[in-house]
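Encoded as structure tokens, the structure appears first; notes follow it.
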Amino acid sequence: MPFDDPHANLAFRNLTRAKMVKLATGQKFQAFLKTKGVTVPKLTAAQIRNGDGNGADLSNLTQAQRQGVVAKTPLWFYVLREAEVNGGKLHGVGARIVAETFHRAMEGSKHSIVRDTAFRPSLGPDSNTFRMVDLLLFAFEGKKALLAPLGD
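As structure tokens, then:
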């Protein structure tokens with residue numbers, strides 16, 4: 007027997023919460039980032055509507071509902087579609103939201119090196135260069151093989 011209570015559906019709850027707090031659409035968030043000088047590619051109407059063919063299927067929606075989703079895409083759906091059309095990886099708006107969230111969390115921690123204005127990374131190949139790979143190599147004790155346990 008199927009359980010059809012929409013209140014138990016995560017998508018329904020996300021849409022309800024987003025509407026309740028007047029959360030920006032994916033398009034509005036992308037446009038906002040653009041005004042701040044951040045280059046974030048905008049999903050096309052076709053990408054939002056169809057994805058890569060392996061994600062959420064909008065064909066059960068009415069034409070008006072589909073047009074509404076495409077024109078004013080809920081932020082969480084926009085981020086999921088971005089990942090879907092980018093091989094399952096965060097990209098654009100979604101990547102920016104995650105990066106900003108982690109950065110704000112680091113800024114908020116009283117133990118974070120981000121709060122120490124005198125801190126300078128010293129793991130890079132020289133005093134002016136610091137890359138994520140340098141941090142990963144440090145974490146894996148310089149053992150490059152551990153960075154790609156499945157091979158190249």
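Quick note, in the numbering used here, the sequence shown goes up one by one and the last residue is 158. Note that the Cβ used here is the ideal one computed from N, Cα and C, for glycine as well. Since this is a predicted model, take the numbers as computed values, not measurements.
{"Item": "Expected contact under 8 Å - CB spacing of LEU142 and LEU156 to nearest Å", "Value": "Going by Cβ atoms, the distance from LEU142 to LEU156 rounds to 15 Å, so no, they are not a contact pair."}
{"Item": "Counted within 10 angstroms of its Cβ, other Cβ atoms place PHE161 as buried (16 or more) or exposed", "Value": "Limits of the chain in this structure are 7 at one end and 158 at the other, which puts residue 161 out of reach."}
{"Item": "Straight-line Cα distance separating PRO47 from LEU21", "Value": "23 Å"}
{"Item": "Inter-residue Cα distance where the pair is GLU90 and SER118", "Value": "33 Å"}
{"Item": "Neighbourhood of GLY57 by C-beta, 8 Å cutoff - its chain only, sequence neighbours within 5 removed", "Value": "ARG87, GLU90 and VAL91"}
{"Item": "C-alpha gap between PRO127 and SER133, whole angstroms", "Value": "8 Å"}
{"Item": "Element boundaries [alpha helix (DSSP H), containing ASN20]", "Value": "16-26"}
{"Item": "Contact check, VAL99 vs VAL85, beta carbons under 8 Å", "Value": "yes"}
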